Amino acid sequence: MVSLLKAIILLFMLLWGAGCSSSSDASIQASGTVEAKEVNVGAEVGGQVVSLLVEEGDSVKKGQEIARIDDTVLKWQVAQAEAAAEAAEARLGETKKGSRMEEMRQAESAVKQMQALKEGAEASFKAAQDNYVRIKELLDQGAATKQQYDEAEAKLALSQSQYEAAKSQYNTALEQEKLVKAGATEETVSAAQAGFNQAVAAWEALKTQWEKTIITAPIDGIITEKTVEAGETVNPGSIVAVVTNLRDLWVEVFIAEADLGKIKLGDKAVVKVDAFPQEDFFGEVTYISHEAEFTPKNVQTKEERTNMVFKVKISVENADGRLKPGMPADVVF
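If you count the sequence shown from 1, position 36 lands on 59 in this note's numbering, and the numbers rise without skipping.
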């Protein structure tokens with residue numbers, strides 16, 4: 024009888040010890056959502072979208088052109104700025120050489136030509152202003168279309184640019200005439216050098232703006248959203264498309280403080296999703312928060328939402344692209 028009692032006690036202790044061991048080695052489970060890096064692709068300059076080269080679902084590479092903004096005005100401005108820079112360079116060279124009678128006659132002729140050009144550009148600019156005001160009033164009354172308004176606005180911008188360029192050329196011609204008549208001095212050479220530097224800087228700035236009319240993909244990925252169509256007008260900062268990197272996915276979960284010590288950076292994890300219930304996807308712990316927080320509100324029960332937890336991110340392998348952002352996921356550590 025005593026031997027039987029001892030055997031029962033020994034069996035109970037073994038079973039209890041095995042249960043404790045199993046409990047201590049139990050896996051940690053948590054639920055979250057598959058997330059991905061999404062990048063908004065914005066227009067850096069305003070204007071009409073003249074071409075849109077992608078559709079939702081298309082794969083793109085970093086630097087690939089996805090859209091183009093109308094560059095008519097900017098192209099003209101770049102050409103004018105380049106011509107102004109070349110003229111400034113020529114003036115600098117002439118200033119360094121000094122003036123001659125023939126140069127004086129040429130300078131006077133250039134002033135007259137630039138004055139005529141300025142007056143013509145000013146008249147066109149005023150006409151464009153009047154037309155813009157008229158179309159805007161008609162649009163407010165419902166008697167004009169948005170396209171007519173956009174065209175009037177574009178013509179106003181172009182004529183203004185042409186007028187400003189003509190004024191600049193006229194003033195430059197006046198300065199050149201003064202330089203020619205005065206002859207080259209140290210001060211005039213310095214002024215010509217400064218004018219040349221400014222002209223080159225303006226040219227480079229406009230070229231940079233012109234290059235921004237071509238919109239490219241900032242990362243490799245998939246076009247997951249297209250927010251404009253060809254023919255629409257966008258402003259600087261407008262979102263044109265969204266590119267998502269489906270190869271760099273992660274699942275964000277929240278772990279109770281009591282379990283946090285069982286997880287460390289680099290630990291492997293198994294991820295399961297409802298879409299592929301019979302398959303395991305493998306991931307690695309890449310981030311563990313240093314601060315506790317309340318469980319997010321999207322957790323199901325009120326009791327769980329009041330717990331203090333730590334955010335943990337698990338990077339997931341997705342070479343075949345089957346996992347998609349937004350999929351609910353269960354993680355086993």
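Backbone N, C-alpha and C define an ideal beta-carbon position, used for all residues, glycine too. Here the structure is a predicted model, which means the values were calculated and not measured.
Ignore the nearest five residues each way along the sequence and tell me which others in residue i's own chain have a CB closer than 6 Å to its CB.
{"i": "Q71", "result": "D93 and T256"}
{"i": "D353", "result": "S54 and K295"}
{"i": "I237", "result": "E88 and R91"}
{"i": "A104", "result": "A225, W226 and L229"}
{"i": "F304", "result": "V294 and V339"}
{"i": "R11", "result": "The structure shown has nothing for residue 11, since the chain only spans 24 to 356."}
{"i": "F35", "result": "Residue confidence is low: F35 scores 45 on pLDDT, short of 50, so the model does not pin down where it sits. Its coordinate-derived value is still stated next. None."}
{"i": "V223", "result": "A108"}
{"i": "A292", "result": "G306, I337, V354 and F356"}
{"i": "I262", "result": "N63, G65 and T250"}
{"i": "T324", "result": "Here the model assigns T324 a pLDDT of 44, short of 50, so the residue's position is not dependable, and the following value carries that caveat. Around T324: no qualifying Cβ."}
{"i": "A144", "result": "Q185, Y186 and A189"}
{"i": "G357", "result": "This structure cannot settle anything about residue 357, because the visible part of the chain is limited to 24 through 356."}
{"i": "K141", "result": "A189, K190 and Y193"}
{"i": "L21", "result": "Given a span of 24 to 356 for the chain in the structure shown, any question on residue 21 remains unanswerable."}
{"i": "S312", "result": "F333 and K334"}
So, for residue i: in the same chain, excluding its five sequence neighbours on each side, which residues have a beta-carbon less than 7 Å away from its beta-carbon?
{"i": "G69", "result": "V257, N258 and P259"}
{"i": "A298", "result": "M350"}
{"i": "G86", "result": "T239 and A240"}
{"i": "V212", "result": "T118 and K119"}
{"i": "A167", "result": "I158 and L161"}
{"i": "Q301", "result": "none"}
{"i": "M127", "result": "V203 and K204"}
{"i": "Q183", "result": "F148"}
Could you give the residue range of the alpha helix (DSSP H) that holds residue i?
{"i": "E105", "result": "T95 to K120"}
What are the start and end residues of the beta strand (DSSP E) that includes residue i?
{"i": "L269", "result": "I262 to A279"}
{"i": "E88", "result": "E88 to I92"}
{"i": "K287", "result": "Premise fails: K287 is in no beta strand (DSSP E) and is neither H nor E."}
{"i": "M331", "result": "M331 to V339"}
{"i": "Q301", "result": "Per DSSP, Q301 belongs to no beta strand (DSSP E) and is neither H nor E."}
{"i": "V73", "result": "G70 to L75"}
{"i": "E248", "result": "G244 to K249"}
{"i": "T239", "result": "I237 to T239"}
Spell out the partners DSSP gives residue i in its beta bridges.
{"i": "V156", "result": "Paired residues: none, contrary to the question."}
{"i": "T56", "result": "E275 and P351"}
{"i": "T256", "result": "Q71"}
{"i": "V308", "result": "I337"}
{"i": "N220", "result": "Looking at the DSSP assignment, N220 forms no beta bridge with any residue, so it has no partner."}
{"i": "V62", "result": "V266"}
{"i": "V19", "result": "What is shown of the chain runs 24 to 356, which leaves residue 19 out entirely."}
{"i": "F148", "result": "Note: F148 sits in no beta bridge, so no partner."}
{"i": "A292", "result": "G306"}
{"i": "E316", "result": "V332"}
Only counting the same chain, and skipping five residues up and downstream in sequence, which positions put a Cβ closer than 8 Å to that of residue i?
{"i": "K84", "result": "A240 and D243"}
{"i": "D81", "result": "I245 and I246"}
{"i": "I51", "result": "I278, D282, K285, I286, V355 and F356"}
{"i": "D173", "result": "Q71 and T256"}
My assumption, with CB atoms under 8 Å, is that residue i sits in contact with residue j. Please give the rounded CB distance.
{"i": "A228", "j": "T250", "result": "About 28 Å; that fails the 8 Å criterion."}
{"i": "V77", "j": "K347", "result": "With a Cβ gap of about 19 Å, V77 and K347 do not count as contacting."}
{"i": "N341", "j": "L272", "result": "5 Å"}
{"i": "V308", "j": "D290", "result": "5 Å"}
{"i": "T267", "j": "I245", "result": "5 Å"}
{"i": "K235", "j": "E67", "result": "4 Å"}
{"i": "G344", "j": "L288", "result": "That pair is no contact at about 26 Å."}
{"i": "Q171", "j": "I158", "result": "6 Å"}
{"i": "A110", "j": "V203", "result": "Contact doesn't hold; Cβ gap of about 14 Å is too wide."}
{"i": "A175", "j": "Y155", "result": "5 Å"}
{"i": "V335", "j": "E316", "result": "No, V335 and E316 are not in contact; Cβ-Cβ is about 12 Å, not under 8 Å."}
{"i": "W233", "j": "V101", "result": "5 Å"}
{"i": "L75", "j": "E252", "result": "6 Å"}
Answer with yes or no whether the minimum CB distance from residue i to chain B is below 7 Å.
{"i": "Y186", "result": "In the structure shown, chain B does not exist; there is a single protein chain."}
Point to revise | Cβ contact (3+ pairs, closer than 8 Å) linking the segment 147 to 157 and the segment 51 to 67 | key: no
Check your understanding: Is the segment 94 to 112 close to the segment 276 to 295, with three or more CB pairs under 8 Å?
Key -> no
Practice item. Tell me, please, whether the segment 133 to 148 touches the segment 192 to 202 by the rule of three or more beta-carbon pairs shorter than 8 Å. Key: yes
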